[in-house]
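Trainee: Here's a structure for you.
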Amino acid sequence: MTATSIPEKACARYEQVWAAFANALSDYDRYTLRQFCRDCNTNYVGMKEWMRSRGLKVGALKRDVRGTAPEVAQTPSFIRFVPEPAPLQASPTVVKGACVVFPNGVRMAFTEIDAASLAALASSYCAEGGAGSCSI
Numbered sequence: 031m032t033a034t035s036i037p038e039k040a041c042a043r044y045e046q047v048w049a050a051f052a053n054a055l056s057d058y059d060r061y062t063l064r065q066f067c068r069d070c071n072t073n074y075v076g077m078k079e080w081m082r083s084r085g086l087k088v089g090a091l092k093r094d095v096r097g098t099a100p101e102v103a104q105t106p107s108f109i110r111f112v113p114e115p116a117p118l119q120a121s122p123t124v125v126k127g128a129c130v131v132f133p134n135g136v137r138m139a140f141t142e143i144d145a146a147s148l149a150a151l152a153s154s155y156c157a158e159g160g161a162g163s164c165s166i
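For the sequence shown, my numbering assigns the number 31 to the initial residue and increments by one for each residue that follows.
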């Protein structure tokens, strides 16, 4: 065995890794041989030497894999969202700094409340009989 010869056991391993790498490229063609060797616990430098001795190149393999891959419809990497304006609705009348004093002495202060909610509150309070006679 000379310094440049590769042991048979290593050659068998490199052949398996090369086939597995070709298979992995069909799923993800951006995979690098260095990363694949790391994932397979294979010596990258030894793998490159083995490839050089056989005239194999990663670029050629990637071209072959891309050429034989089935055509996939390109899907956009993002979806453009264009919101539609909400239909115009009548904005509620807002009452700011309201203080309501009921005839029985109960006081309610609001920093901000819409008029419809204030009317509903007063009506329900009067309906329960807590305010005696009540007019809004």
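Every residue, glycine too, gets a C-beta built ideally from N, C-alpha and C.
Exposed or buried, Thr141, counting other C-beta atoms within 10 Å across all chains shown (16 or more means buried)?
Mentor: It counts as exposed.
Trainee: CB Cys67 to CB Tyr74, shorter than 8 Å?
Mentor: Yes, the pair counts as a contact, with Cβ atoms nearer than the cut-off.
Trainee: Which runs of the alpha helix (DSSP H) fall wholly inside the segment 33 to 67 and span at least 4 residues, in chain order?
Mentor: The qualifying runs are 38 to 57.
Trainee: On a CA-only basis, which of Lys126, Val124, Leu151 and Asp144 is nearest Val136? Give me that one, please.
Mentor: Nearest C-alpha to Val136: Leu151.
Trainee: Work out the CA separation of Tyr44 and Glu79 for me, nearest whole Å.
Mentor: Whole-angstrom Cα-Cα distance: 10 Å.
Trainee: Helix, strand or coil for Gly127, going by three-state DSSP, please let me know.
Mentor: Here Gly127 sits in strand by DSSP.
Trainee: Which one or two residues does DSSP pair with Arg137 in a beta bridge?
Mentor: Arg137 pairs with Val131.
Trainee: For Val47, count neighbouring C-beta atoms within 10 Å of its own C-beta (all shown protein chains included) and say buried if the count is 16 or more, exposed if not.
Mentor: So Val47 ends up on the buried side.
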